[in-house]
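Engineer: Just so you know, we're using our numbering here: the sequence shown kicks off at 922 and counts up by one.
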Amino acid sequence: MGESIAQQRGPFARRLQEYAASIELTLSEQQVNQLLDYLELFEKWNKAYNLSAIRDAEGMFTKHLLDSLSIAPHLTGERFIDVGTGGGLPGIPMAICFPQRHFTLLDSAGKKVRFLFQVKQALGLSNVDTQNRRVETFQPQPQFDGVISRAFASITYMLTWCNHLIHDDGRFWAMKGVMPNSELSELPKKYIVKASHALHVPNLEGERCLIELALAQESNSKA
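1) Exposed or buried, residue 981, counting other C-beta atoms within 10 Å across all chains shown (16 or more means buried)?
2) Apply the 10 Å Cβ neighbour rule to residue 1007 and answer buried if 16 or more other Cβ atoms are within range, or exposed otherwise.
3) Over the uninterrupted alpha helix (DSSP H) stretch that includes residue 1076, give me the two end residues.
4) How big is the Cα-Cα spacing for residue 1027 and residue 948?
5) Would you call the stretch 1062 to 1079 and the stretch 1120 to 1128 touching, i.e. three or more CB-CB distances under 8 Å?
6) Looking at the unbroken beta strand (DSSP E) that takes in residue 1097, where does it start and where does it end?
7) Nearest-angstrom Cα distance between residue 1083 and residue 953?
8) Given that a residue counts as buried once 16 or more other Cβ atoms are within 10 Å of its Cβ, and exposed if not, what is residue 1089?
9) Identify whether residue 1144 lies in helix, strand or coil by the three-state DSSP scheme.
10) Is residue 1103 helix, strand or coil when you go by DSSP?
11) Enumerate in chain order the residues of its own chain whose CB-to-CB distance from residue 1144 is below 6 Å, with the five nearest sequence positions on each side excluded.
12) Go ahead and label residue 1141 buried or exposed: buried means 16 or more other beta carbons lie within 10 angstroms of its beta carbon, across all protein chains shown.
13) Check the C-beta distance from residue 994 over to residue 1076 and give it rounded, since I have them as a contact under 8 Å.
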């Protein structure tokens, strides 16, 4: 069995700071500690709650934590919802990085939301709200500035199921692997791609990208 997160905490802290600097993200020592505390909690709860198929410390650090941080430079707005957040990815890392912004973490699996509530309490994340429900039953007031997700198999599904969550000037951010050209060619006409961002994560095989979408300007409503 490989080393735990706790056993690699020093090297992971250094790598976190190096990666943050490479994407022009400033992290305090407290934020680095919170990110690693979160990863330790994830590792512990994963054994019983099956939060992720990734079990090794290096995999969790790279494929979960660094991958989540990679979107930080691209988010705009103040209030976000992470739909299908699972174990809190990317929502918890984003909430730690941006304490002045608010993040709602939604998942239909009760055991995962119980874990997220424990993280919120343990790390003192006052800017996090958890929701244990299906996305179609959640009617937020006010609506969000942005929807973030890496859980949806297709971007069209994301737009369809999350359409009601954001205001007309809001954004959808879909975390994907290779550029999903076939998916983008099938977008409903009332949505447009505002930007596509290549994401660079050290030691992570394969391509990663972030697709930013919005309601087309000529659409006066999302109905």
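Even glycine gets a Cβ: it sits at the ideal position worked out from N, Cα and C.
Structural biologist: Concretely, from the data shown:
1) By 1-based counting over the sequence shown, the position of residue 981 is 60. Counting Cβ neighbours within 10 Å, residue 981 comes out buried, since at least 16 surround it.
2) As a working mapping, residue 1007 is identified with position 86 in the sequence shown. Its Cβ being crowded by 16 or more others within 10 Å, residue 1007 is buried.
3) Position 155 of the sequence shown, counted from the first residue, corresponds to residue 1076. Element bounds for residue 1076: 1076 to 1083.
4) Translated into positions along the sequence shown, residue 1027 becomes position 106. Translated into positions along the sequence shown, residue 948 becomes position 27. Whole-angstrom Cα-Cα distance: 26 Å.
5) The stretch 1062 to 1079 is not in contact with the stretch 1120 to 1128.
6) Against the sequence shown, residue 1097 aligns to sequence position 176. Start and end: 1087 to 1097.
7) The count along the sequence shown starts at 1 and reaches residue 1083 at position 162. The count along the sequence shown starts at 1 and reaches residue 953 at position 32. Approximately 31 Å between the Cα atoms of the pair.
8) Within the sequence shown, the letter at position 168 stands for residue 1089. When all chains shown are included, residue 1089 counts as exposed.
9) Residue numbering aside, residue 1144 sits at position 223 when the sequence shown is read from its first letter. Confidence is the limiting factor: at residue 1144 the pLDDT is only 48, short of 50, which leaves the residue's position unreliable, though a coordinate-based value still follows. Taken through DSSP and simplified to helix, strand or coil, residue 1144 comes out as coil.
10) Stepping through the sequence shown from its first residue, residue 1103 is reached at position 182. Residue 1103: helix per DSSP, three-state reduction.
11) In the sequence shown, the residue the question calls residue 1144 occupies position 223. A caution first: residue 1144 carries a pLDDT of 48, below 50, which makes its placement in the model too unreliable to give a value.
12) Here residue 1141 refers to the residue found at position 220 of the sequence shown. With a pLDDT of only 47 at residue 1141, under 50, the local geometry of the prediction cannot be trusted, and the value read off the model is given with reservation. Its Cβ having fewer than 16 others within 10 Å, residue 1141 is exposed.
13) Along the sequence shown, one-based indexing puts residue 994 at 73. Along the sequence shown, one-based indexing puts residue 1076 at 155. No, residue 994 and residue 1076 are not in contact; Cβ-Cβ is about 21 Å, not under 8 Å.
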